[in-house]
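There are 2 protein chains.
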Amino acid sequence: MPESNRLLEAYQQTKYQLPGHGKRNIQVLKDAFADVDGNLDSDIYGKGEVIQRFEDKMAAYLGKESAVFFPSGTMAQQIGLRIWCDAKGSRKVAYHPLCHLEIHEQDGLKRLHHIDPILLAAPDRLIELEDVLQMPDDLACLLIELPQREIGGQLPDFQTLVSISEFCRNKGIKVHLDGARLFEVLPYYQKTAAEVCALFDSVYVSFYKGIGGIAGAILAGDKTFTEEAVVWKRRHGGDLISLYPYIISADHYFDQRISKMGQYYEEAKELAILFNRCEGVHTLPTVPVSNMFHVHFDHAKGQVEQVLAGLYEETGIGVTGSLRELDSDKCYFELSIGDLYEKVPKEELHRAFEVLAERFATLRQA
Amino acid sequence: MPESNRLLEAYQQTKYQLPGHGKRNIQVLKDAFADVDGNLDSDIYGKGEVIQRFEDKMAAYLGKESAVFFPSGTMAQQIGLRIWCDAKGSRKVAYHPLCHLEIHEQDGLKRLHHIDPILLAAPDRLIELEDVLQMPDDLACLLIELPQREIGGQLPDFQTLVSISEFCRNKGIKVHLDGARLFEVLPYYQKTAAEVCALFDSVYVSFYKGIGGIAGAILAGDKTFTEEAVVWKRRHGGDLISLYPYIISADHYFDQRISKMGQYYEEAKELAILFNRCEGVHTLPTVPVSNMFHVHFDHAKGQVEQVLAGLYEETGIGVTGSLRELDSDKCYFELSIGDLYEKVPKEELHRAFEVLAERFATLRQA
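Top to bottom, those sequences are chains A and B.
Letter by letter, the first sequence follows residues 1 to 366 of full-length UniProt numbering.
Letter by letter, the second sequence follows residues 1 to 366 of full-length UniProt numbering.
Shown next, in the form of structure tokens:
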């Protein structure tokens, strides 16, 4: 059996897991619908109480005039950028080289919307004000992702965001927020969602990351913006006759977890310290700024898989089900804190990290 | 109160309704999931047992090599046509003037894919072989909708389909089936789905028309075709992390209703006879060829609303909740038979149509 399969199998058999809210299974839907009256009418092509109420609730929470529910963030964000491009008569947007639209969407933005992205900053660091100052004036929109997921969920300081926003607005460049994990960074910024979103002309948020829903996204902004977004939603094939399976579950888990983001953040910081105590292991960022971080190993993937699988089998505590190779002697994984972390007995957690530290110390000497 | 509101309200209060399967409410989802084990894993971005099993089942049912589940038919069909266009290096497709892509999708095909449709046939009749013979050779794809919904769900005879398919294949033109209501026409053709689909290179079917699911569609064809479709699904924002709310309900209601299509068809023919007995009322087609037909009135919309609302209040039998105006003295509505029709006591049904015939006779004399 390859080590990667052994790692996943050992992980699946652990009693406790550090990341996540639990399994993505059908029970997630059943729990969300358990107390919903069967007589409640479906939304119908974007209309009806179920969808309107949730869109209004999210618009208010994000401090925007209007909000539209989408089946996916991929669809919502391409559409947001397209609207800003059409408004300016430009095909240029700017974003980070590891932006979701650049690396995870099969070039939908380019192939469907013929939009040319300019990549700002180096892949391994955040977009800073200096990068923004060099953008061309005919740019339609700058996309900022908070936190920058692919580099461990790093964040610029709030004043940098304010400066970027001011600069763009003076230049007539729209600013769009990829807030896939926006809820998760509010405890770090010590701001409300509306205070962060006020710096942006349009905002996307997701309901299956920290919130733990089934799928779905909100795109918010001015009424004129969302009215256009609804038309594009139809064009993309996202204006489903019924989106309520995602809406009702998003609403359910939003209410259940939005107040826990501070707890997840504190737990992430606590857990990162434990990882950083192991030799040849470090977290990115060193001190997390949300519920997520990356764990990097100065060892080959196969070696780390062996160490971790052994840990799971010995302690019953699972850390990750898979690793990504960086080069022949480096690998990493992403970890997001959810409801499961608080269920791990602290004593067993610390014992597991003692074992882990020993193993990596041994690996170092070998 | 406007007559149209009165009609809808009276309809909603009827004891029996002739069309449909029942209310589109949350109970539809609850029923589909009642017997599903909560431990069943979600599909993840198009992978996993839940989605694979249903895609395989539908590929086999449609007689195609491979099938892909989509959140919507709008997305599935645009993508199907795009793939055939790219394969031929052409931007031309042909379809009926009242094709869903032409009138219900905010020009997504044109705005996202830059595809130029050629409109075949007049809006009020089916595409015939003669129309197809005149198509240009550089056409990438011909789309045929079975049944042609916007003209009452009419169908070409099967031999015409065979001839159209043969002609296109000889010319190197792909043939795509808009089978939103394919299941519903199989009893008329007395063919299996696979026998019909064999005439087409790609096929779309829907799960919330006759099947009565929540939403969702299948796009089927050769493996090379569906592999491309999966990439485009990601680009469109349709490759959701979890599509199981639609997949499981589609599967549930497919199993429940696929064998009832013959019954719906017979009931539609029976019901059309009753409408056609009323003066100034006729169905299109006169003899239905599926579970659906249109009911046309040679009277102003307001007058018919008054007659129908009166009928509902007097007999407790609802026929439609809304009418569409054709011109100042003509209107119509669409009717699709589902599970509700069999619940209407025959005696009450015939009494209602006696009342209706009387009312229209009176209206004629006035």
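Note that the Cβ used here is the ideal one computed from N, Cα and C, for glycine as well.
Treat the numbers as computed from the prediction; the structure is a model and nothing was measured.
Could you say which of 131/A, 225/A, 129/A and 270/A lies nearest to residue 76/A if we only look at CA atoms?
By one-based count along the first sequence, residue 76/A stands at place 76. Considering only alpha carbons, the answer is 225/A.
Residue 177/A bridges to which residues according to DSSP?
What you label residue 177/A is simply residue 177 of the first sequence in a count that begins at 1. Looking at the DSSP assignment, residue 177/A forms a beta bridge with 144/A and 203/A.
According to a CB-to-CB cut-off of less than 7 Å, which residues of the segment 62–92 of chain B neighbour chain A?
Result list: 71, 72, 74, 75 and 78.
Taking the alpha-carbon of residue 110/B as reference, which of 170/A, 278/A, 31/A and 234/A has the nearest alpha-carbon?
Counting from one through the second sequence, the residue named residue 110/B turns up at place 110. Of all alpha-carbon atoms in 170/A, 278/A, 31/A and 234/A, the one lying nearest the alpha-carbon of residue 110/B is that of 234/A.
In chain order, each beta strand (DSSP E) run of at least 3 residues that lies wholly inside the segment 57–93 of chain B
66–70
In this structure, does DSSP put residue 185/B in helix, strand or coil?
To locate residue 185/B, count along the second sequence from 1; it is residue 185. Note: residue 185/B maps to helix in three-state DSSP.
Would you mind listing the beta strand (DSSP E) stretches within the segment 236–323 of chain A that are 3+ residues and don't spill past its ends, in chain order?
281–284 and 292–297
Once the 5 residues before and after residue 364/A are set aside, which same chain residues still bring their CB inside 7 Å of it?
Working through the first sequence from its first residue, we reach residue 364/A at position 364. Around residue 364/A: 279 and 280.
So the candidates are 122/A, 298/A and 72/A; which of them puts its Cα closest to the Cα of residue 105/A?
Position 105 of the first sequence, counted from the start, is the residue given in the question as residue 105/A. It is 72/A.
For the putative contact between residue 120/A and residue 95/A, defined by C-beta atoms under 8 Å, what is the C-beta separation to the nearest angstrom?
Residue mapping note: residue 120/A aligns to position 120 of the first sequence, counting from 1. Residue mapping note: residue 95/A aligns to position 95 of the first sequence, counting from 1. With a Cβ gap of about 7 Å, residue 120/A and residue 95/A count as contacting.
For chain B, check one thing: does any of its Cβ atoms lie closer than 8 Å to the Cβ of residue 214/A?
Your numbering for residue 214/A matches position 214 in the first sequence. Taking Cβ atoms only, chain B reaches closer than 8 Å to residue 214/A, which makes this a yes.
Under 8 Å by beta carbon: chain B residues contacting residue 57/A
Numbered from 1 along the first sequence, position 57 holds the residue referred to as residue 57/A. Going along chain B, no residue has its Cβ under 8 Å from residue 57/A, so there is no contact; the nearest lies around 18 Å.
Taking the alpha helix (DSSP H) that residue 116/B belongs to, which residues open and close that run?
What you label residue 116/B is simply residue 116 of the second sequence in a count that begins at 1. If you look at residue 116/B, you'll find it isn't in any alpha helix (DSSP H); it sits in the beta strand (DSSP E) that goes 116–119.
Counting only Cβ pairs nearer than 9 Å, list the residues of chain B close to residue 23/A.
Locating residue 23/A in the first sequence gives position 23, where the first residue counts as 1. Near residue 23/A (Cβ distances below 9 Å), the residues of chain B are 39, 41 and 42.
Residue nearest to residue 232/B in terms of C-alpha spacing, selected from 289/B, 146/B, 307/B and 79/B
As a first step, residue 232/B is located in the second sequence; it is residue number 232 there, counting from the start. Answer by Cα proximity: 79/B.
Environment of residue 228/A [buried if 16+ CB atoms lie within 10 Å]:
The residue given as residue 228/A occupies position 228 in the first sequence. The residue in question, residue 228/A, is buried, as its Cβ has 16 or more Cβ neighbours within 10 Å.
Let me confirm a value: residue 287/B is counted as buried when at least 16 other C-beta atoms fall within 10 Å, else exposed. Which label applies?
Indexing the second sequence from 1 puts residue 287/B at position 287. It is exposed - the Cβ of residue 287/B has fewer than 16 other Cβ atoms within 10 Å.
Out of 124/A, 107/A, 174/A and 147/A, which has the shortest C-alpha to C-alpha gap to residue 137/A?
Counted from its first residue, the first sequence places residue 137/A at position 137. Answer by Cα proximity: 174/A.
I'd like to know if residue 33/B contacts chain A, where contact means its C-beta is closer than 8 Å to some C-beta of that chain.
Along the second sequence, one-based indexing puts residue 33/B at 33. At least one chain A Cβ lies under 8 Å of residue 33/B.
My output table needs one value for residue 131/A: the three-state DSSP class, helix, strand or coil.
Your numbering for residue 131/A matches position 131 in the first sequence. Helix.
If you measure between the beta carbons of residue 211/A and residue 149/A, is that distance less than 8 Å?
On the first sequence, position 211 is the one that residue 211/A refers to. On the first sequence, position 149 is the one that residue 149/A refers to. No, the Cβ-Cβ distance between residue 211/A and residue 149/A is not below 8 Å.
Just mark residue 223/B as buried or exposed, buried being the case when its beta carbon has 16 or more other beta carbons within 10 Å.
For the purposes of this step, residue 223/B is taken as residue 223 along the second sequence, with counting starting at 1. Residue 223/B should be labelled exposed.
In the DSSP assignment, find the unbroken beta strand (DSSP E) run with residue 341/B in it and report its ends.
On the second sequence, position 341 is the one that residue 341/B refers to. Counting along the chain, residue 341/B falls outside any beta strand (DSSP E), and DSSP gives it neither H nor E.
Let me confirm a value: residue 251/B is counted as buried when at least 16 other C-beta atoms fall within 10 Å, else exposed. Which label applies?
Walking along the second sequence from the start, residue 251/B turns up at place 251. Counting Cβ neighbours within 10 Å, residue 251/B comes out buried, since at least 16 surround it.
Assuming contact is defined by CB atoms lying nearer than 8 Å, are residue 10/A and residue 357/A in contact in what I supplied?
For this step, residue 10/A is matched to residue 10 along the first sequence. For this step, residue 357/A is matched to residue 357 along the first sequence. No, these two residues do not count as a Cβ contact at 8 Å.
At least one CB of chain A closer than 8 Å to the CB of residue 203/B: is that the case?
Locating residue 203/B in the second sequence gives position 203, where the first residue counts as 1. It does not: the Cβ of residue 203/B has no partner Cβ on chain A nearer than 8 Å.
Are the CB atoms of residue 162/B and residue 179/B nearer to each other than 8 Å?
In the second sequence, the residue the question calls residue 162/B occupies position 162. In the second sequence, the residue the question calls residue 179/B occupies position 179. No, the pair does not count as a contact, with Cβ atoms beyond the cut-off.
Tell me, please, which residues DSSP counts as bridged to residue 331/B.
What you label residue 331/B is simply residue 331 of the second sequence in a count that begins at 1. Partner residues in the beta bridge of residue 331/B, as assigned by DSSP, are 297/B and 325/B.
Using a threshold of 8 Å, state whether the C-beta atoms of residue 370/A and residue 266/A are closer than that.
Residue 370/A is absent from the model: chain A starts at 1 and stops at 366.
Whole angstroms is fine: what's the gap from residue 285/A's alpha carbon to residue 156/A's?
As a working note, residue 285/A is residue 285 in the first sequence. As a working note, residue 156/A is residue 156 in the first sequence. If I take the Cα positions, the gap works out to 12 Å.
Give me the chain A residues within the contact set of residue 334/B, using Cβ-Cβ distance strictly less than 7 Å, ordered along the chain.
Reading the second sequence from its first residue, position 334 is the one you call residue 334/B. None at all; the shortest Cβ gap to chain A is about 15 Å.
Between 341/B, 303/B, 306/B and 299/B, which lies nearest to residue 329/B when the distance is taken from Cα to Cα?
Walking along the second sequence from the start, residue 329/B turns up at place 329. Cα-wise, what sits closest to residue 329/B is 299/B.
Does the segment 6–23 of chain B come within contact of the segment 316–323 of chain B, defined as at least 3 CB pairs closer than 8 Å?
yes
Could you give the first and the last residue of the continuous beta strand (DSSP E) run that contains residue 218/A?
Numbered from its first residue, the first sequence carries residue 218/A at position 218. Taken as a continuous stretch (DSSP letters only), the beta strand (DSSP E) holding residue 218/A covers 217–221.
With a cut-off of 8 Å, does the C-beta of residue 208/B fall near any C-beta of chain A?
In the second sequence, the residue the question calls residue 208/B occupies position 208. Taking Cβ atoms only, chain A reaches closer than 8 Å to residue 208/B, which makes this a yes.
Nearest chain B C-beta to residue 236/A closer than 8 Å, yes or no?
Taking the first residue of the first sequence as position 1, residue 236/A is located at position 236. Yes, residue 236/A counts as interfacial toward chain B.
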